[in-house]
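Enquirer: Numbering (the numbering used here), first residue to last: 2 to 460. Take this structure first; my questions come after.
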Ligand SMILES: Cc1cc2nc3c(=O)[nH]c(=O)nc-3n(C[C@H](O)[C@H](O)[C@H](O)COP(=O)(O)OP(=O)(O)OC[C@H]3O[C@@H](n4cnc5c(N)ncnc54)[C@H](O)[C@@H]3O)c2cc1C
């Protein structure tokens, strides 16, 4: 089977999905001014798989068979882990680590699900078969999955006002009917498939334990986007116009899930074993947590390079405060890389006998990222000063009326001023803009709350 092209991906988006943006239903993603830029970015990912200059890095072939995205490479040896890390780094470097939910990441969750198929199936082999079939379908067709486990926020002190969780409302011979919502599924507007996962939480009931998949155009499935973070004027914003992945609520309005798309359910009316549920959930996402940390290390490299460039272009390299900033970020980067190295070189067996980077150093690294990230952003803001907000662009510098004045007062004889402005604008996007704020939230929360993650390192 041929690898998916960008055009295939773009045309697959016209599948009748129920997508809402800014209170309006979207009929065409590729013609939508705020959705099409990210769709194009994703299309370029698929095109790179077909680019002869990149194919050897970005695809793999099984025993003279067809080629697949390297994001699906089986992780059965130390060498495979090293190769997979190179793939993660390749994709992370394309966005400076700001794209957390590109196909490369979604694929590693699918691999985790596949790895856990027998544990999820228990004494129901049908579920393991379903997972295997679904995995082969998404791998062979290079489909983009979005997943959600986070539930809609609620007032936990007011049980009477609780909107209820996503749950089974009918168990039928041919499948189940589910009703409810998941609060956040990143990249959902552009995905082919929704993967439903359940993370453990107190008082969960049997009907709320759901592992399943649905096509994004399933009847009754509503994708409701948050506000776009693409600025009104895209000029001078290097990140958001290409990498605003868009997060969405997913509402399941009495949606039918056929038997062959069910991956695990809990027997009706029986208490849920939270340890077992936790084992299944974390078993699925263990490789993903590694991916998150490896991608975050690329982002820290970007932040270090940015701080270094700002220090250079602002003539602050000799300031003791600058040395502190740079060494703080460099030490953080070294620690994260050391944790990744240890995890990757001392892997543990996965459920199906593949290898997983040791989850403990990975969790320690993710906690460290969450703890350090806000401080690093603040250090960069301090280093950049007010120029982070006020960096002229070509529209001012080249303007027929104010251009000469702007150039004389803001550039003078500094041959590198344009690079300085570009660095300051990048600093704005990543530390101040709404895109940057969402980035911080993403690092804090994208794989469970900080407290949950902190508790994992003690296990
Ligand atoms: C930018 C961004 C992108 C994200 N993308 C995704 C995504 O693609 N897919 C996805 O699934 N999630 C995504 N998340 C959501 C993320 O999984 C959650 O934010 C995270 O799990 C924390 O949950 P919460 O936000 O509900 O926080 P909280 O409400 O603080 O919940 C934290 C924890 O409390 C526990 N808890 C929940 N309910 C109860 C209860 N009734 N009683 C006691 N404890 C309870 C749970 O263990 C939960 O993890 C994203 C988040 C952000 C910010």
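We put the beta carbon where it would ideally sit given N, CA and C, even for glycine. Bear in mind the structure is a predicted one, so any value in this text is a computation, not a measurement.
Alpha carbon to alpha carbon, how far is residue 385 from residue 393? Give it in angstroms, no decimals.
Expert: Each residue's Cα considered, the two are about 14 Å apart.
Enquirer: So, is residue 111 buried or exposed, given that buried needs 16 or more other C-beta atoms within 10 angstroms?
Expert: So residue 111 ends up on the buried side.
Enquirer: Across which residues does DSSP place residue 212 in a beta bridge pair?
Expert: Its beta-bridge partners are 265.
Enquirer: Rounded to a whole number of angstroms, what is the C-alpha to C-alpha distance between residue 220 and residue 51?
Expert: Distance between the alpha carbons of residue 220 and residue 51: 33 Å.
Enquirer: I'd like to know whether the C-beta atoms of residue 71 and residue 59 end up nearer to each other than 8 Å.
Expert: Cβ distance < 8 Å, so residue 71 and residue 59 count as in contact.
Enquirer: So what does residue 253 bridge to, in DSSP terms?
Expert: Its beta-bridge partners are 181, 222.
Enquirer: Quick check: the Cα distance between residue 387 and residue 411, rounded to an integer number of angstroms?
Expert: Taking the straight line from one Cα to the other gives about 13 Å.
Enquirer: Measuring from the CB of residue 460, is there a heavy atom of ligand 1 at a distance below 7 Å?
Expert: No; taking the cut-off as 7 Å, the Cβ of residue 460 has no heavy atom of ligand 1 nearer than that.
Enquirer: Who are the Cβ neighbours of residue 37 in its own chain at under 7 Å, not counting the five residues just before and after it?
Expert: Hits under 7 Å: 30, 31.
Enquirer: On the DSSP letters alone, give me the boundaries of the alpha helix (DSSP H) that residue 501 sits inside.
Expert: The requested residue 501 is not part of the displayed model; the chain covers only 2 to 460.
Enquirer: Does DSSP put residue 259 in a helix, in a strand, or in coil?
Expert: Strand, per DSSP.
Enquirer: Near residue 377, what residues of its chain come up, given a Cβ to Cβ distance below 6 Å and the 5 sequence neighbours on each side ignored?
Expert: If we look at residue 377 and ignore the five residues flanking it on each side, its Cβ neighbours are 304, 330.
Enquirer: Any chance the CB of residue 102 is under 7 Å from a heavy atom of ligand 1?
Expert: Yes - ligand 1 has a heavy atom lying nearer than 7 Å to the Cβ of residue 102.
Enquirer: With H, G and I counted as helix, E and B as strand and the rest as coil, what does DSSP make of residue 152?
Expert: Residue state, collapsed to three classes: strand.
Enquirer: Counting Cβ pairs closer than 8 Å, one from the segment 289–302 and one from the segment 89–104, do we hit at least three?
Expert: They touch, by the three-pair rule.
Enquirer: Do you know how far the Cα of residue 336 is from the Cα of residue 343?
Expert: Near 11 Å, if we compare the C-alpha coordinates of residue 336 and residue 343.
Enquirer: Quick check: does the Cβ of residue 443 come within less than 7 Å of any heavy atom belonging to ligand 1?
Expert: Because some heavy atom of ligand 1 lies under 7 Å away, the Cβ of residue 443 counts as near it: yes.
Enquirer: Within its chain, find whatever has a CB closer than 7 Å to the CB of residue 165; leave out the 5 residues flanking it on each side and keep chain order.
Expert: Same-chain partners within the cutoff: 181.
Enquirer: Is it right to say residue 104 is buried, meaning 16 or more other beta carbons lie within 10 angstroms of its own, or is it exposed?
Expert: Residue 104 is buried by the Cβ-count criterion.
Enquirer: Assuming residue 396 is part of the beta strand (DSSP E), what are its boundary residues?
Expert: Here residue 396 belongs to no beta strand (DSSP E); instead the alpha helix (DSSP H) covers 395–398.
Enquirer: From the DSSP output, in three-state form, read off residue 367 for me.
Expert: Looking at residue 367 - three-state DSSP - the assignment turns out to be helix.
Enquirer: Terminal residues of the continuous beta strand (DSSP E) containing residue 196?
Expert: 194–197 is the span of the beta strand (DSSP E), which, as asked, contains residue 196.
Enquirer: What are the boundary residues of the beta strand (DSSP E) that residue 170 is part of?
Expert: That run of the beta strand (DSSP E) goes 168–173.
Enquirer: If you reduce the DSSP assignment to three classes, tell me which class residue 409 lands in.
Expert: Helix, per DSSP.
Enquirer: Within the same chain, show all residues whose beta-carbon is closer than 6 Å to that of residue 178, passing over the 5 residues directly before and after it, in chain order.
Expert: Taken in chain order, the residues that qualify are 170, 171, 255, 257.
Enquirer: Alpha carbon to alpha carbon, what distance is there between residue 238 and residue 391?
Expert: Rounded to the nearest angstrom, the two C-alpha atoms are 13 Å apart.
Enquirer: CB of residue 152 to nearest heavy atom of ligand 1: below 7 Å?
Expert: Yes, ligand 1 has a heavy atom inside 7 Å of this Cβ.
Enquirer: Three Cβ pairs or more, each shorter than 8 Å: is that satisfied between the segment 154–161 and the segment 223–234?
Expert: No contact exists between the segment 154–161 and the segment 223–234.
Enquirer: Output the boundary residues of the alpha helix (DSSP H) element that contains residue 57.
Expert: Residues 56–59.
Enquirer: Whose C-beta lies closer than 6 Å to the C-beta of residue 106 among residues of the same chain, with five residues either side of it excluded?
Expert: Excluding positions up to five away in sequence, the list reads 292.
Enquirer: In angstroms with no decimal places, state the Cα-to-Cα distance between residue 432 and residue 375.
Expert: Each residue's Cα considered, the two are about 9 Å apart.
Enquirer: Identify the residues that DSSP records as bridge partners of residue 25: which are they?
Expert: Answer is 22, bridged to residue 25.
Enquirer: Out of curiosity, what's the CA-to-CA distance linking residue 63 and residue 421?
Expert: Distance between the alpha carbons of residue 63 and residue 421 is about 48 Å.
Enquirer: Determine, using beta-carbon pairs with one atom in the segment 315–333 and one in the segment 427–442, whether at least three such pairs fall under 8 Å.
Expert: Cβ pair count under 8 Å is below three, so no.
Enquirer: Assuming residue 211 contacts residue 167 (C-beta within less than 8 Å), just tell me the rounded distance between them.
Expert: Yes, they are in contact, since the Cβ atoms of residue 211 and residue 167 sit about 6 Å apart, within 8 Å.
Enquirer: Would the beta-carbon of residue 252 be found less than 7 Å away from any heavy atom of ligand 1?
Expert: Because no heavy atom of ligand 1 lies under 7 Å away, the Cβ of residue 252 does not count as near it: no.
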